[in-house]
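Each residue of the first sequence is one higher than the one before, starting from 518 at the first, in my numbering.
Quick reminder that beta carbons are idealized off the backbone N, C-alpha and C, glycines included.
First comes the structure, then the notes that go with it.
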Amino acid sequence: MILRTHYSGDIHPELDGQEVTLAGWAHEIRDLGGICFLVLRDREGLAQVTMVAKRTEKPLLESVRQLSRESVIRVVGSVKAEPKAPRGYEIIPISLEVLGRADSPLPLDPTGKVDAELDTRLDSRFMDIRRPGSLAVFRIESAVLQSLRQTFYDHGFLEVITPKIVATATEGGTALFPISYFEREAFLNQSPQLYKQMLMSAGMDRVFEIGPIFRAEEHDTRRHLNEAISVDMEMSFADHNDVMDVLERAMVEAYRFVQENCKRDLDVLHLDLVVPKTPFRKVTYSEALDLAKEAGKPTMEWGDDIDTETERALGSIIGEHYFLTDWPSSIKPYYSQPYEDRPDVSKAFDLMHPSMELASGAQRVHDPEQLVSRIKDQGLDPDGFEFYLKAFRYGMPPHAGWGLGLGRVVTTMLGLENIRDAVIFPRDRRRLVP
RNA sequence: GUCCGGAUAGUGUAGAGGCCUAUCAUGAAGCCCUGUCGAGGCUUCGACCCGGGUUCGAAUCCCGGUCCGGGCGCCA
Numbered sequence: 518m519i520l521r522t523h524y525s526g527d528i529h530p531e532l533d534g535q536e537v538t539l540a541g542w543a544h545e546i547r548d549l550g551g552i553c554f555l556v557l558r559d560r561e562g563l564a565q566v567t568m569v570a571k572r573t574e575k576p577l578l579e580s581v582r583q584l585s586r587e588s589v590i591r592v593v594g595s596v597k598a599e600p601k602a603p604r605g606y607e608i609i610p611i612s613l614e615v616l617g618r619a620d621s622p623l624p625l626d627p628t629g630k631v632d633a634e635l636d637t638r639l640d641s642r643f644m645d646i647r648r649p650g651s652l653a654v655f656r657i658e659s660a661v662l663q664s665l666r667q668t669f670y671d672h673g674f675l676e677v678i679t680p681k682i683v684a685t686a687t688e689g690g691t692a693l694f695p696i697s698y699f700e701r702e703a704f705l706n707q708s709p710q711l712y713k714q715m716l717m718s719a720g721m722d723r724v725f726e727i728g729p730i731f732r733a734e735e736h737d738t739r740r741h742l743n744e745a746i747s748v749d750m751e752m753s754f755a756d757h758n759d760v761m762d763v764l765e766r767a768m769v770e771a772y773r774f775v776q777e778n779c780k781r782d783l784d785v786l787h788l789d790l791v792v793p794k795t796p797f798r799k800v801t802y803s804e805a806l807d808l809a810k811e812a813g814k815p816t817m818e819w820g821d822d823i824d825t826e827t828e829r830a831l832g833s834i835i836g837e838h839y840f841l842t843d844w845p846s847s848i849k850p851y852y853s854q855p856y857e858d859r860p861d862v863s864k865a866f867d868l869m870h871p872s873m874e875l876a877s878g879a880q881r882v883h884d885p886e887q888l889v890s891r892i893k894d895q896g897l898d899p900d901g902f903e904f905y906l907k908a909f910r911y912g913m914p915p916h917a918g919w920g921l922g923l924g925r926v927v928t929t930m931l932g933l934e935n936i937r938d939a940v941i942f943p944r945d946r947r948r949l950v951p
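Below, the structure written as structure tokens:
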């Protein structure tokens, strides 16, 4: 049996006289003596329960006065339209039931009157998310996921789930977390890349996956985590420009969807969301170096990966989402396809927000011999990729794809200071609990 | 990994060698209060990260450790 008939957000003054049952947390109790206000909070907002001492049964009033903040309660009462009350209504209680008593003191203040540091909030994340501002972020994240999935379905993609426990490194470069797998060593997957590509050989044509990826890098910044949610796609019979189009569309749709469906959450966060303008500007790697030089950042050589300072400089010059294209082949993974006429440049791209990289993708190498030679060129052993290479030898279509960091999308969309704000239970260099 | 900064009641803070029996807010406990909505008023409770050192005297200075924040590096 569902213990409530309404969320607080469902109630309005026109329900005057109707009996309702609310369930939630005792957000605040303000006892003025002759009149006592109890503010109940649920996922959809706040509702004021009002008790005039003279007109309220003693035991009911007593139970409210003994309530600890943040206890879980269920209130049966009648709606009363009341101009003096917040949102024009209040609940006159008939009965109150304590479903879960809260200890005191609380690990942080869920009303937000007193701030808490990120570390304190993460230690007690369950309590932090009771704060409307934290909840709003994750409601928006849910909307972003809903919108991204819808965009994929609209473009004829199939949702897939690939293994997170793998035998070997996906692509070299990044460090992996080793795990014990019965009598063998295995690893947590750093990317669904190889599996997505094999599904192109399988003829699934267009696939996407939204799931965790694991990087054992000791990075320690506001935009990196060791467990991240990657929004990944792969598309057959398409090139890098085609998948950039899908990415641009997915981003813009996500912004629109949030703007349309998360008005209250955006209000809570005091945000006026602006949908990025399309088309996103495309800046080649070489142009980016020139821009950086003009801005007085001449230290980078062609072939260097773009460092943080240059990335920031570009961000402030360009000032909106942009694609960074035509990367040197040497600094992109082996599966990125070089241009036929200038093999030192690849059909690889990053989607950039002015403050950080959001996604990276490419048209892929689909010729098995070229792939083997690219693997060797990057100092990797093709034998370790046999399960992957096999899929290329029996009819692999041309394909392209990308991976997008969900946490970074939400962080940049909402202007959050730290990616940990956008992840419910973040995993970083130090944090493994909760 | 490295550089810089930090650690004071449950939470957020003040504090610059004696003014500290440590500030303020929030909270908790109690009392007053019939329209609060960051309610108000009064009383009470609750803290200097750990270890060493300097000094007559250390929250404050020094050393080591632990933890935290930020920058960079590393990072499809």
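Only counting the same chain, and skipping five residues up and downstream in sequence, which positions put a Cβ closer than 6 Å to that of residue 624? Taking the first residue of the first sequence as position 1, residue 624 is located at position 107. 641 and 644.
Using 8 Å as the cut-off, can you tell me whether the segment 776-786 makes contact with the segment 738-749, which would need three or more C-beta pairs spanning the two stretches below that distance? no
For residue 893, report the span of its alpha helix (DSSP H) as first-last. Translated into the one-based positions of the first sequence, residue 893 becomes position 376. 885-894 is the extent of the alpha helix (DSSP H) around residue 893.
Mind checking whether residue 682 and residue 703 have CB atoms under 7 Å apart? Translated into positions along the first sequence, residue 682 becomes position 165. Translated into positions along the first sequence, residue 703 becomes position 186. Cβ distance < 7 Å, so residue 682 and residue 703 count as in contact.
State the beta-bridge partners of residue 880 as determined by DSSP. On the first sequence, residue 880 is found 363 positions in, with the first residue counted as 1. Partner(s): 917.
Quick one, are the C-beta atoms of residue 868 and residue 879 less than 7 Å apart? On the first sequence, residue 868 is found 351 positions in, with the first residue counted as 1. On the first sequence, residue 879 is found 362 positions in, with the first residue counted as 1. It is not a contact, given that the beta carbons lie outside the stated cut-off.
Unbroken beta strand (DSSP E) runs of length 3 or more, entirely within the segment 792-834: which are they? 798-801
Helix, strand or coil for residue 848, going by three-state DSSP, please let me know. Against the first sequence, residue 848 aligns to sequence position 331. Residue 848: helix per DSSP, three-state reduction.
Alpha-carbon spacing of residue 533 relative to residue 599, whole angstroms: Residue numbering aside, residue 533 sits at position 16 when the first sequence is read from its first letter. Residue numbering aside, residue 599 sits at position 82 when the first sequence is read from its first letter. Residue 533 and residue 599: Cα-Cα distance of roughly 9 Å.
Between the C-alpha atoms of residue 658 and residue 545, what's the straight-line distance to the nearest angstrom? As a working note, residue 658 is residue 141 in the first sequence. As a working note, residue 545 is residue 28 in the first sequence. When rounded, the distance between both Cα atoms is 28 Å.
Determine the DSSP secondary structure at residue 595, reduced to helix, strand or coil. Numbered from 1 along the first sequence, position 78 holds the residue referred to as residue 595. The DSSP-derived three-state label of residue 595 is strand.
If you measure between the beta carbons of residue 795 and residue 765, is that distance less than 7 Å? For the purposes of this step, residue 795 is taken as the residue at position 278 of the first sequence. For the purposes of this step, residue 765 is taken as the residue at position 248 of the first sequence. Yes, the pair counts as a contact, with Cβ atoms nearer than the cut-off.
Based on the DSSP secondary-structure assignment, which residues constitute the bridge partners of residue 708? By one-based count along the first sequence, residue 708 stands at place 191. DSSP output for residue 708 lists no bridge partner at all.
For the beta strand (DSSP E) holding residue 539, just list the boundary residues, first then last. Sequence index remark: in the first sequence, residue 539 carries index 22 (1-based). Residue 539 -> beta strand (DSSP E) spans 536-548.
Let me make sure I understand the geometry here. Which of 523, 629 and 661 has the alpha-carbon closest to that of residue 646? As a first step, residue 646 must be located in the first sequence, where it is residue number 129. Of the listed residues, the one whose Cα sits closest to residue 646 is 629.
Tell me whether residue 531 sits in a helix, a strand or coil according to DSSP, three-state version. Indexing the first sequence from 1 puts residue 531 at position 14. It is helical.
How big is the Cα-Cα spacing for residue 821 and residue 848? For the purposes of this step, residue 821 is taken as the residue at position 304 of the first sequence. For the purposes of this step, residue 848 is taken as the residue at position 331 of the first sequence. Cα to Cα, residue 821 sits roughly 7 Å from residue 848.
State the start and end residues of the unbroken alpha helix (DSSP H) segment that holds residue 657. Locating residue 657 in the first sequence gives position 140, counting from the first residue. Segment 649-671, the alpha helix (DSSP H) holding residue 657.
With the cut-off set at 7 Å, would you say residue 592 and residue 675 are in Cβ contact? Here residue 592 corresponds to residue number 75 of the first sequence, with the count starting at 1. Here residue 675 corresponds to residue number 158 of the first sequence, with the count starting at 1. Contact: no.
Please tell me whether residue 524 and residue 561 are closer than 7 Å, where the distance is taken between their beta carbons. To locate residue 524, count along the first sequence from 1; it is residue 7. To locate residue 561, count along the first sequence from 1; it is residue 44. Cβ distance < 7 Å, so residue 524 and residue 561 count as in contact.
Chain-order list of residues whose beta-carbon lies under 7 Å from that of residue 910 (same chain, five-residue window excluded): Mapped onto the first sequence, residue 910 falls at position 393. Contacts found: 885.
Do three or more CB pairs link the segment 830-842 to the segment 807-819 at distances below 8 Å? Taking 8 Å as the limit for Cβ pairs, the verdict is that the segment 807-819 does touch the segment 830-842.
Does the beta-carbon distance from residue 517 to residue 725 come in below 7 Å? Shown here, the chain extends from 518 to 951; a query on residue 517 therefore has no answer.
Assign residue 913 to one of two classes, buried (16 or more other C-beta atoms within 10 Å of its C-beta) or exposed (fewer than that). In the first sequence, the residue the question calls residue 913 occupies position 396. The residue is buried, with at least 16 neighbouring Cβ atoms inside 10 Å.
Do the segment 568-583 and the segment 603-618 touch if we need at least three Cβ pairs shorter than 8 Å? yes
For residue 633, write down the residues that DSSP places opposite it in a beta bridge. Within the first sequence, numbered from 1, the residue matching residue 633 stands at position 116. Residue 633 is not bridged to any residue.
Simplified DSSP assignment, three categories, for residue 931: By 1-based counting over the first sequence, the position of residue 931 is 414. Looking at residue 931 - three-state DSSP - the assignment turns out to be helix.
Residue 762 to residue 656 span [Cα, whole Å]: Taking the first residue of the first sequence as 1, we reach residue 762 at position 245. Taking the first residue of the first sequence as 1, we reach residue 656 at position 139. Rounded to the nearest angstrom, the two C-alpha atoms are 27 Å apart.
Can you check DSSP and say which residues form a bridge with residue 729? Start at 1 with the first residue of the first sequence, and residue 729 comes out as number 212. Answer is 746, bridged to residue 729.
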